[in-house]
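Q:
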Amino acid sequence: MPHGYHRKILHVDLASDQLNVEEPGEEFYRKYMGGSALAMHYLLKELPAGIEPLSPENVLVMALSVLTGTAISGQSRMTVAAKSPLTGAIGDSQCGGFWPAEFKFSGFDALVIKGKAEHPVYLWIHDGQYELRDASHLWGKITGEVEADIQEELGDDKVEVLQVGPAGEKGVRFAAIMNMSNRANGRTGMGAVMGSKNLKAVAVRGNNRPSVADKAGLSKLAKWGANNLGDSDIAGLAKYGTAEGTSANQSTGTLPTQNYNRGVFDKWEALDGTTMYDTILKGAAEGRQDREGRDTCYACTVRCKRVVEITEGPYKVNPHYGGPEYETTSTFGNYCGIDDLAAIAKASQLCNMYGMDTISCGATIAWAFEAFNEGKLTAEDTDGLDLSWGNAESMVKLTEKIANREGFGDLLAGGSERAAKKIGRGTEAFLITSKGQEAPAHMPRVKRSLAIIYATNPFGADHQSSEHDPTIEGNFESYADRLAQLGFREAQEPRSLSDEKIRFTMATQHMYSALDSLNLCQFVFGPAWQLYGPTELVETVRAVTGWEDVDLQELQTVGERRINMMRAFNAREGLDRKADKLPEKLFKPLKGGVSDGWKLDREQFESALDRYFAMCGWDVKTGVPERAKLEGLGLDWVADQLGV
Amino acid sequence: MEVHLQLHSILREKLPAEARGKTVLQLDEGTTLADLLEELDIKRRVVMSVNGDHEPDQSRRLRDGDQVMITSSISGGMGALLLNQSRGKGD
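Each protein sequence line maps, in turn, to chains D and V. Just so we're aligned, residue 1 is where the first sequence starts under the working numbering, counting upward by one. Just so we're aligned, residue 645 is where the second sequence starts under the working numbering, counting upward by one.
(1) Give me the subset of the segment 578-596 of chain D whose CB atoms are less than 9 Å from a CB atom of chain V, sorted by chain position.
(2) Just verifying my parser: in three-state terms, what is the DSSP assignment at Gly128/D?
(3) Tell me which residue opens and which closes the beta strand (DSSP E) that Glu327/D is part of.
(4) Cβ of Glu244/D less than 8 Å from any chain V Cβ?
(5) Drop a sphere of 10 angstroms on the beta-carbon of Leu10/D, count the other beta-carbons inside from all chains shown, and report buried for 16 or more, exposed for fewer.
(6) Tell me, please, which residues DSSP counts as bridged to Gln553/D.
(7) Answer yes or no: do Pro440/D and Arg482/D have a C-beta to C-beta separation smaller than 8 Å?
(8) Is any beta-carbon of chain B found at less than 8 Å from that of Asp272/D?
(9) Could you tell me which of Ala49/D, Glu118/D and Arg209/D sits nearest to Phe108/D, measuring between CA atoms?
(10) Under 9 Å Cβ-Cβ, which residues of chain D neighbour Gly665/V?
(11) Run through the segment 166-254 of chain D for me and flag every whole alpha helix (DSSP H) of 4 or more residues, listed as ranges in chain order.
(12) Would you list the residues sitting across from Thr433/D in a DSSP beta bridge?
(13) Counting only the same chain and skipping the five closest in sequence on each side, list residues whose C-beta sits under 8 Å from that of Ala419/D.
(14) DSSP on Lys581/D, reduced to helix/strand/coil?
(15) Under a three-way DSSP split, which group does Thr301/D fall into?
(16) Going along chain V, which residues have a C-beta under 8 Å from Tyr240/D?
(17) Please identify the residue among Ile654/V, Thr667/V, Ser653/V and Ser693/V whose C-alpha is closest to the C-alpha of Ala678/V.
(18) Count Cβ pairs between the segment 370-382 of chain D and the segment 294-302 of chain D that sit closer than 8 Å; are there 3 or more?
(19) Could you say which of Tyr612/D, Pro625/D, Leu154/D and Lys141/D lies nearest to Tyr354/D if we only look at CA atoms?
(20) Taking its Cβ as the centre, do 16 or more other Cβ atoms sit within 10 Å of Gln670/V, making it buried, or is it exposed?
(21) Taking 8 Å as the threshold (beta carbon to beta carbon), is His698/V in contact with chain D?
(22) Would DSSP call Ala371/D helix, strand or coil?
(23) Given that a residue counts as buried once 16 or more other Cβ atoms are within 10 Å of its Cβ, and exposed if not, what is Val668/V?
(24) Output the boundary residues of the beta strand (DSSP E) element that contains Thr545/D.
(25) So for Ile150/D, helix, strand or coil by DSSP?
(26) Return the Cβ separation of Leu229/D and Leu537/D in integer angstroms, given the expectation that the two are a contact with Cβ distance under 8 Å.
(27) Considering only their Cβ atoms, is the gap separating Trp124/D from Tyr645/D smaller than 8 Å?
(28) Which value, in whole angstroms, describes the spacing of the CA atoms of Leu86/D and Ile177/D?
(29) For Pro625/D, which three-state DSSP category applies?
(30) Could you compute how far the alpha carbon of Asp357/D sits from the alpha carbon of Thr505/D?
(31) Taking the alpha carbon of Gly559/D as the point to measure from, which residue in Glu27/D, Thr274/D, Tyr32/D and Glu22/D has its own alpha carbon closest?
(32) Pick helix, strand or coil for Arg707/V, following the three-state DSSP scheme.
(33) Leaving out five residues before and five after Ala491/D in sequence, what residues of the same chain have Cβ atoms less than 8 Å from its Cβ?
(34) Since Ser693/V meets chain D, which of its residues come closer than 7 Å, beta carbon to beta carbon?
(35) Could you spell out where the beta strand (DSSP E) holding Cys351/D opens and where it closes?
(36) Under 6 Å Cβ to Cβ from Asp340/D, same chain only, skipping five residues before and after it: list those, please.
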């Protein structure tokens, strides 16, 4: 009997209403472990190269892992992958919440969805049963309403609902897939793919809890985590949310401000997680926010999610839609020079109601703000909106216009790179995109390893695909024991891109990639500052699966396999090293504050890319994985596809 | 001498809740940032700034009227930089 998974993959062809269950063997689960790596297997096998991402030919995979639904923090996560309508490259995004665990309890490990339904439908999966149901009456509705309607229709308010909002229906290219109306598979436009298939929602419920090989061992690990949380480096994040990082980023000049032109924001304090905690978390007025204003994912002790409630003033916020993360306070806040936390919480709510990625949405708006402030856009272009830095009212209005693809919002609904191409007038200079995806709020001009990741990551600029530089720089001593398990024994110079720094980039990329295949939260598990380190990661996989001989190297290989499959996917789409580039803006100096004058050095960057590709076993000229590398990862069939 | 202290993130809990991380301290002349950390019993990894500028050097002596900010933040996903980082510009 398998431990941790069901050996059941549900294949859904929406065009023909065909639903089939595949039952892969243990070897398959051991090779991919789940999540993103498992999704890549199906995309490379079943998705033809060169298709239009919003056509019925696209394949959408939703995958859990061999750990999902077990009783330990950080495991209730799910990967969605397909060809991205934002980038034209591989699309990939993870979410947390209760949906992933409940999907596991429904009796399945993954969904592979093809085709397009004739009319809107939703998929109802419960206790091993599955059916497609009409969703015509749900089309056009916002997430909170759809969730309530489906729960009422199925007569069970414990049904978990994953869905696209109106933005996904309308093809906003950075539309998200939402669950609980406040958790998002945000990045790379997966919501637009789901919407293009006329698949409104996937509702799940069940009692098929996965078997665990060593329950006592897993329980011991879970208790250790709960007992150590308060003294851990994520204690502040747990209590004050991810936006607690605002203060440190401000201190170190890495708080992206005015569309990445500055690394400091003089009004940063208004956006900090502690301010959110004191002012707008649910229950703050009565001092009850620790109980009422924090939320969690299934079985997670951390409780980092925010619940905001605002009942007065111009920006009322419904707690059902959660609250902003650091990325959201940054893109709608400091990126736009905005210090109005209530307005930002409203924009966060709009994104969750309509189903949009807050990073791409906020950053695309910041691009428009810079174009306006530089005189390249006028009120005639913007439907009369004044996009001067700091204008919170315009930012909120524009967010809604994007979701509805209305007027100027329709132009921005394709993302900033498409908008710049259409508008011209030199606005390309204001882009902060890699492969067409807007950059998150962590700055490569200071954290140089991120320059490599932002440029080369197969699904565009991403901050959750590797460990950031401070860990191998000044913070090294704090994490020396854990980092030694990956072979790192020496701190590296700030802003260097030494061979050791590049090896750190690659090795931690493999670990984060393994975490996205095991679908583990990267605050809870990771190589250094996270609650659990590499030792506990391996112990967790062993305890759940019973694979006693699993070791860290095997998990690293799972991560490396995933990255190579993604690079191969992109190569099939004609994307090679020429696509691995950074926006010009990052080679220009930051203005003001402690990071004044810092910029990327082109020579250092290009040399680092050469060494990174060579280290990865990829052709240095093309960036395409070489046959020897693919064969070493058990991906001969992928090498055959590529003809390398 | 008088130093204005602002503690952020989980470090706020070193002070009474109503202070919300802010206080004014009377310190002896010659007090360094390291002394201050010791006095506050802060053993976590921290990021400090003095008068708005990141200050990696814990041996820095404080002056009357200085504004000191100390924060503790997760490393990788967020932005805590080096404690021993030399100040450099424009490279």
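Glycine residues also receive a C-beta, built at the ideal position from the N, C-alpha and C atoms. On a predicted model such as this, the values are computed, not experimentally measured, just so you know.
A: So, from the data block:
(1) Cβ contacts with chain V come from Pro589, Gly593, Val594, Ser595 and Asp596.
(2) Gly128/D falls in the coil class under three-state DSSP.
(3) For Glu327/D, no beta strand (DSSP E) segment is defined; the enclosing uninterrupted segment is the alpha helix (DSSP H) at Tyr326 to Phe332.
(4) Interface criterion met: the Cβ of Glu244/D is under 8 Å from a Cβ in chain V.
(5) Leu10/D sits buried, since 16 or more C-beta atoms from the chains shown fall within 10 Å of its C-beta.
(6) Looking at the DSSP output, Gln553/D sits in no beta bridge, so it has no partner there.
(7) No; because the gap between Cβ atoms is not below 8 Å, this pair is not in contact.
(8) Here the protein chains are D and V, and chain B is not one of them.
(9) Relative to Phe108/D, the option among Ala49/D, Glu118/D and Arg209/D whose CA is nearest is Arg209/D.
(10) Within chain D, the residues near Gly665/V are Thr274.
(11) You should have 166-169, 190-196, 215-228, 235-240 and 246-251.
(12) Answer by DSSP bridge pairing, in chain order: Glu438/D.
(13) So the qualifying residues of the chain are Thr364, Trp367, Ala368, Leu411, Leu412 and Thr427.
(14) In this structure, DSSP gives Lys581/D a state outside helix and strand, which the three-state scheme calls coil.
(15) Taken through DSSP and simplified to helix, strand or coil, Thr301/D comes out as coil.
(16) Residues of chain V passing the Cβ test: Ser653 and Ile654.
(17) Out of Ile654/V, Thr667/V, Ser653/V and Ser693/V, Ser693/V has the C-alpha closest to the C-alpha of Ala678/V.
(18) Touching, no.
(19) When Tyr612/D, Pro625/D, Leu154/D and Lys141/D are compared, the shortest CA-CA separation from Tyr354/D is found for Lys141/D.
(20) By the neighbour-count rule (16 or more Cβ atoms within 10 Å), Gln670/V is not buried but exposed.
(21) Output row for His698/V: interface = yes.
(22) Ala371/D carries a helical assignment under DSSP once its states are collapsed to helix, strand and coil.
(23) Exposed, by the Cβ-count rule.
(24) Per DSSP, Thr545/D belongs to no beta strand (DSSP E); it is in the alpha helix (DSSP H), Pro534 to Thr545.
(25) The answer is helix: DSSP assigns Ile150/D an H, G or I state.
(26) About 17 Å separates the two Cβ atoms, so there is no contact after all.
(27) Nothing in the structure corresponds to residue 645/D, since chain D is present only between 1 and 644.
(28) Their Cα atoms are separated by approximately 14 Å.
(29) Shown here, Pro625/D sits in a strand according to DSSP, grouped into three states.
(30) Taken atom to atom, the span from the alpha-carbon of Asp357/D to that of Thr505/D is near 26 Å.
(31) Cα-wise, what sits closest to Gly559/D is Tyr32/D.
(32) Reduced to three states, the DSSP call for Arg707/V is coil.
(33) Excluding sequence neighbours, Ala491/D sits near Ile472, Glu473, Gly474, Phe476 and Glu477.
(34) The answer, in chain order, is Ser251.
(35) It is not in any beta strand (DSSP E) - Cys351/D instead sits in the alpha helix (DSSP H) that spans Leu341 to Tyr354.
(36) The residues are Ala392.
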